[in-house]
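Peer 1:
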Amino acid sequence: MSDHYSSLLLSFLTAPSLLVGGSVGVLTILPSIALLLLVGGVALAIVWREKQAFWLLPPLLASLAAPLVLEFADGSMGWFGMLFALVIGLVGLLVWVGMVAGNATRRTPVVLAGLSLLAFPAYAGLIRVAVTWGGV
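Under my numbering, think of the first position of the sequence shown as 616, with each following residue one higher.
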């Protein structure tokens with residue numbers, strides 16, 4: 616379990632360098648866009664001193680726990696349960712980011728950083744679907 620999680624996290628973090636090297640695909644574009652959104656959102660939050668960006672830490676932890684939840688859902692309920700858990704998790708993250716952005720004085724950094732948090736669960740879901748249906 617931990618080997619799968621660490622390899623998934625490392626592949627997500629190294630995907631932008633693969634995109635620079637010329638490997639273009641969904642599994643390299645998604646993490647690259649997420650990295651750009653995260654860097655832009657954090658930089659703007661620091662420059663503009665946006666205090667509400669602190670409330671994106673719980674969704675960050677939920678986003679990092681997504682592969683474990685998806686693996687549990689896939690093991691206990693099958694691929695349909697895994698897709699259901701993925702959709703419910705992504706909608707929950709979107710609602711949380713929307714509530715935090717609604718209370719922020721400047722919404723742009725919160726929205727940028729919040730949207731970047733959606734990429735890791737989506738990436739983990741794509742990998743899990745590929746493993747389930749034999750694509751990997």
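Beta carbons are placed, not taken as given, at the ideal position from N, Cα and C, and that holds for glycine. Model, not experiment: these values are computed from the prediction.
Taking the continuous alpha helix (DSSP H) assigned at T720, which residues delimit it?
Peer 2: Residue numbering aside, residue 720 sits at position 105 when the sequence shown is read from its first letter. Unbroken run through T720: none, as it is neither H nor E.
Peer 1: Using three-state DSSP, classify V639 as helix, strand or coil.
Peer 2: One-based indexing of the sequence shown puts residue 639 at position 24. Residue state, collapsed to three classes: coil.
Peer 1: Using a Cβ-Cβ cutoff of less than 8 Å, which residues in the same chain neighbour L659 once the five nearest sequence positions on both sides are dropped?
Peer 2: For the purposes of this step, residue 659 is taken as residue 44 along the sequence shown, with counting starting at 1. E665, R721, T723, P724 and L727.
Peer 1: Tell me, please, whether the region 733-749 touches the region 671-685 by the rule of three or more beta-carbon pairs shorter than 8 Å.
Peer 2: yes
Peer 1: According to DSSP, is R664 helix, strand or coil?
Peer 2: Here the question's residue 664 lines up with position 49 in the sequence shown. Here R664 sits in coil by DSSP.
Peer 1: Below 8 Å, how does it come out for the region 691-706 and the region 637-651: are there three or more Cβ pairs, yes or no?
Peer 2: Because the criterion of three Cβ pairs below 8 Å is not met, the region 691-706 and the region 637-651 do not touch.
Peer 1: Does the beta-carbon of A658, which I'm using as the reference point, lie nearer than 8 Å to any heavy atom of the ligand SAH?
Peer 2: In the structure shown, the ligand SAH is absent, as is every other ligand, since no ligand is present at all.
Peer 1: Just to confirm, are L642 and S626 a CB contact at a threshold of 9 Å?
Peer 2: Taking the first residue of the sequence shown as 1, we reach residue 642 at position 27. Taking the first residue of the sequence shown as 1, we reach residue 626 at position 11. The answer is yes: Cβ separation under 9 Å.
Peer 1: Consult DSSP for G693 and reduce its assignment to one of helix, strand or coil.
Peer 2: Locating residue 693 in the sequence shown gives position 78, counting from the first residue. G693 falls in the helix class under three-state DSSP.
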